[in-house]
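A short worksheet on the structure shown next.
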């Protein structure tokens, strides 16, 4: 397994390298002077000259790339055109909001999707099966922004149960350590703030989590059905084991393997959905920031976001592969 | 005790109790946090380098300018300057400054600080001249503009020398963009100063979570007395209806930008009060005269006649607006009431268009703001209404939109054909509408405010003359004449003067919406 | 939302591909029965069998009917729509559903039902055209790279991996922002970001076929590379490709609506469902129908396409159903 993991790790490197090249080239593919693009239309000639020097724009591409990589590895992503703050600072402030949202959405999706799939599989063609598969189909067919708006209308406007925006009521003041408000309020021991931040998380997380939830339910069901047909399960059954035990002991782990493989993928999709969800719920995360950066042509910021998100995606997949290797012993022998 | 004495004592007691009760009602309470909900986040908190209302709304609390407007209108009162005098030729202004005022970083406010700020704004070669300083350009005509020099006379006296007399000079100085910032802080933070504002104002900057909120706290050493609120938070909630809902649920205390359609809803809520900001703006459709076919006055007049202004006002403002015929609001002195608006007449417009050589119309672009503005709550929808009106006379307009910041940049650079935009008065002088929006001095790319790129020599002469004299009657005559010419040339279709609605919880006291959209929260308190 | 549908209920564990991100198994990649020119009769039988299986699948038939009806609605929009979708009427703004306006009106007084009817044209066109573009490009990239293998295969697949490492919607937004907003550019952007899916589907089919005897035979008979790719390899990828493309249309419809919702797709006054949703957003409170109905239209269409696609997959891969 060690060799397998090492191989996976090594394979992640060229992807990350490729991502950095693409982000690097992105700026140079946009029509116009890269220095101008980096600093915006209103940059002074003096600042332009400075950045040309800094980026080495008069030098060959590979020199420019190596300079860019050196800065990148030093954690210097430049400054945002619009806010003039360091891109790293901006990412540090905004990324945790998205992490919190996507993790919450993933929890919602797993907690509901997998049990629903298991129950559906064990009671194939029952009313529950039909109903939950219909809901799952609905889930994958729904635009996340529409679902978000409908949730907002029903639960916030109509029933008044949940807040409409933000991560925490302003009356709470918790020290920001991780910028994950749920974690920060636990660290501060402020349980009211914890409850409040969770309360703010519910609607966005449900909106964002619905699609992966539906996917997990459908996958778990079909994978479970497959496993239940396997010989060893039949053997277990014929030995007279209780059905519950058959499912829990012999089938579940194997049935979940394919589900685990798509968790990483679904995380990537969540980042997709986050762009829309954050827009609907005014969630100050990186999805909204990315959208704004694109619309404001804030390229230094956009570069930073793309690098961060792509790296996160690659690393999540790596982690999933490790879990996968652990779950599926056959990997050893490949 | 004699009966008389008893009577006297009881009268006294009654008077005392009554007096106390009256005081209890009127005397403001200190303490508490006010959360203000608004549509967009600030761009920067360096007031000299922003033009948007959401940035200035916050900087207004952190900084003071030399002068200030009164609470309700644009009459002037002292602020950081306590008195001032003008020389006989009108070109020299001498200001006495307030003593014992400190910036929030503890450094003293004095004549040097004033000079530092003005030099930073006006001198392109000043090492701290980092940014656009667009308001400086707009109000003082470029770098260095009409201000020839700023000199320190003594610690608390500063003298301005102008190229020519400028009638609205004092009114300009009271504008939020010309607030005095701490020189030490500007030197310390450089180009990041906009994230670390330091002024002398009633509230100190605490923190800024971009896209979410800006937190301010009371400046306990404020020269005009400590403000009542302990904390003041500006929260960004982009959707108008969501913001109102949050107000109703009680998580915020005061909001700007209520949908005109939602005003009835807010009025019906017994926990809320609705404020109407005095109408002091104009929403318009600019036609870029640098581009064909809008260089042709007949085309512009045809457009003016094709748009159903009354219909738009009725549909999108719920009665909280009136159709505009001049580029300045009727409440402002100098307004020309005699101008007769272009009547809505598609048939005549089509005829005029044919005369101009476009019997079948033409294709063009119609730019629309991506965000609601006080003068235009639904710009995208208004654009669609105009698009449909124009289609009736054969003009096919494609609606175009950009991010708000880029929209302003690109229109200032004259990249549009037609563009929706508007203006809220800053200083209560007609100059602030007519000169800013329609003078050739402000039709200079890439920082034009006159985005019709209307360059009429006669209008220019009138406006400059009006700037240099101080007799209000004479100035009124000049401005009325200018409005007449502008109306006939039709560089823009003036659409609407709106009365922007706001709403707050009932316990919010002492909040007075200012016509310029920039009110101080120093006098606001919470009765709860 | 890219892979949204492709991984639903695929039969076994996806083999972890050498390369990131983890790749979902393409639907129905089983041993495809070779179909070459000389095997035409067998193909027809296969297709007939698949068709029969499809008709037996109730949910697939339901999906087919929904999609069919919506196509009819799109084609005959002018005949069906009760009102002009562009006609504004300030006297009938924001009306709730009634006999005169079955689904109510928006804040310009336009009939929502009529706009939804016309909007079906935009959504169907956007879904189909952008998918067609992605399929064409993906098939070419996948087929050639895989056929020649080695360096080219590696290069192409790493490019696809890198593309997939970015959130797809951000890529689409960026592309449209550079090209300029509009329906055409939105379709182009969606097409581009979807290329990797099809490249991978084709690749995994071809990988299993490349060394097959009938290919060897064709090569021995002197067929050129092009002939082998287009006449022998690609026809055998059609099954999984059709399934993936059908499901891809569903995704593309949602993506097009998303871009329009953000103001980057269809421009006013074009009635488009995502744009209509955005236009009704500020009325969510007092007039939720303005936002609700266009969304329901999207869900119905996408669900129909998904049901049909799921049915197709089952039909083309008999092993799945026992």
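Protein chains in written order, with this note's numbering: chain A, 1 to 334; chain B, 335 to 862; chain C, 863 to 1184.
A virtual CB, placed ideally from N, CA and C, is assigned to each residue, including glycine.
What you are looking at is a predicted structure, and each value in this text was computed from that prediction instead of being measured.
Give the DSSP-derived three-state secondary structure of residue i in the structure shown.
i: residue 1009(C); result: helix
i: residue 890(C); result: For residue 890(C), the predicted model reports a pLDDT of 40, less than 50, meaning its position is unreliable; a value from the coordinates is still stated below. Looking at residue 890(C) - three-state DSSP - the assignment turns out to be coil, as it is neither helix nor strand.
i: residue 570(B); result: strand
i: residue 176(A); result: coil
i: residue 831(B); result: strand
i: residue 487(B); result: strand
i: residue 325(A); result: helix
i: residue 420(B); result: strand
i: residue 555(B); result: coil
i: residue 707(B); result: strand
i: residue 807(B); result: helix
i: residue 262(A); result: helix
i: residue 44(A); result: coil
i: residue 161(A); result: coil
i: residue 429(B); result: strand
i: residue 146(A); result: helix
i: residue 1019(C); result: helix
i: residue 550(B); result: strand
i: residue 305(A); result: helix
Verify whether the separation of the beta carbon atoms of residue i and residue j is less than 8 Å.
i: residue 543(B); j: residue 104(A); result: no
i: residue 497(B); j: residue 482(B); result: yes
i: residue 696(B); j: residue 568(B); result: no
i: residue 978(C); j: residue 1151(C); result: no
i: residue 759(B); j: residue 834(B); result: no
i: residue 651(B); j: residue 830(B); result: yes
i: residue 1118(C); j: residue 993(C); result: no
i: residue 722(B); j: residue 950(C); result: yes
i: residue 953(C); j: residue 976(C); result: no
i: residue 340(A); j: residue 155(A); result: Not covered by the structure: residue 340(A). The range shown for chain A is 1 to 334.
i: residue 1055(C); j: residue 15(A); result: no
I'd like to know whether the C-beta of residue i is nearer than 8 Å to at least one C-beta of chain A.
i: residue 367(B); result: yes
i: residue 888(C); result: With a pLDDT of 41 at residue 888(C), under the threshold of 50, the modelled position of this residue cannot be trusted; read the value that follows with caution. It does not; no Cβ of chain A falls within 8 Å.
i: residue 936(C); result: no
i: residue 1047(C); result: no
i: residue 453(B); result: no
i: residue 529(B); result: yes
i: residue 1168(C); result: yes
Using beta carbons (cut-off 8 Å, strictly below), is residue i in contact with chain B?
i: residue 1173(C); result: no
i: residue 950(C); result: yes
i: residue 322(A); result: no
Taking only beta-carbon positions, decide if residue i is within less than 8 Å of chain C.
i: residue 39(A); result: no
i: residue 291(A); result: yes
i: residue 157(A); result: yes
i: residue 141(A); result: yes
Length-filtered (4 minimum) alpha helix (DSSP H) runs lying within the segment 716-800 of chain B: Listed in chain order, the complete alpha helix (DSSP H) runs (minimum 4 residues) inside the segment 716-800 of chain B are 738-746, 765-772.
Against chain A: residues of the segment 1107-1124 of chain C by CB proximity under 8 Å: Those residues of the segment 1107-1124 of chain C that come within reach of chain A (Cβ to Cβ, closer than 8 Å) are 1112, 1116, 1119, 1120, 1123, 1124.
Continuous beta strand (DSSP E) assignments of at least 3 residues falling wholly in the segment 179-205 of chain A: Taken in chain order, the complete beta strand (DSSP E) segments of 3 or more residues contained in the segment 179-205 of chain A number zero; there are none.
Any alpha helix (DSSP H) of 4 or more consecutive residues that is wholly inside the segment 70-144 of chain A: If we require 4 residues or more, the alpha helix (DSSP H) runs fully inside the segment 70-144 of chain A come out as 87-122, 127-140.
Entirely enclosed alpha helix (DSSP H) segments - the segment 911-958 of chain C, minimum 4 residues: Counting whole runs of 4 or more residues, the segment 911-958 of chain C contains the alpha helix (DSSP H) stretches 920-937, 939-942.
Beta strand (DSSP E) runs wholly inside the segment 460-543 of chain B, at least 3 long, in chain order: Qualifying beta strand (DSSP E) stretches, in chain order: 481-488, 491-496, 537-543.
Chain-ordered residues of the segment 1007-1037 of chain C with a beta carbon less than 7 Å from chain A: Of all residues in the segment 1007-1037 of chain C, the ones placed with a Cβ closer than 7 Å to any Cβ belonging to chain A are 1020, 1023, 1024, 1027, 1028, 1029, 1030, 1031, 1032, 1035, 1036, in chain order.
Short-range partners of chain B found in the segment 1129-1158 of chain C, where Cβ spacing is below 8 Å: The residues in question are 1129, 1130, 1131, 1141, 1143, 1144, 1145, 1146, 1147, 1148.
Residue ranges of each beta strand (DSSP E) within the segment 634-679 of chain B, 3 or longer: As far as the segment 634-679 of chain B is concerned, its whole beta strand (DSSP E) runs of at least 3 residues are 655-657.
Chain C contacts from the segment 560-584 of chain B (Cβ-Cβ distance under 9 Å): From the segment 560-584 of chain B, only 573, 574, 575, 576, 578, 579 have a Cβ closer than 9 Å to chain C.
Against chain B: residues of the segment 958-987 of chain C by CB proximity under 7 Å: Result list: 969, 970.
Entirely enclosed beta strand (DSSP E) segments - the segment 358-387 of chain B, minimum 3 residues: Whole beta strand (DSSP E) segments, 3+ residues: 367-372.
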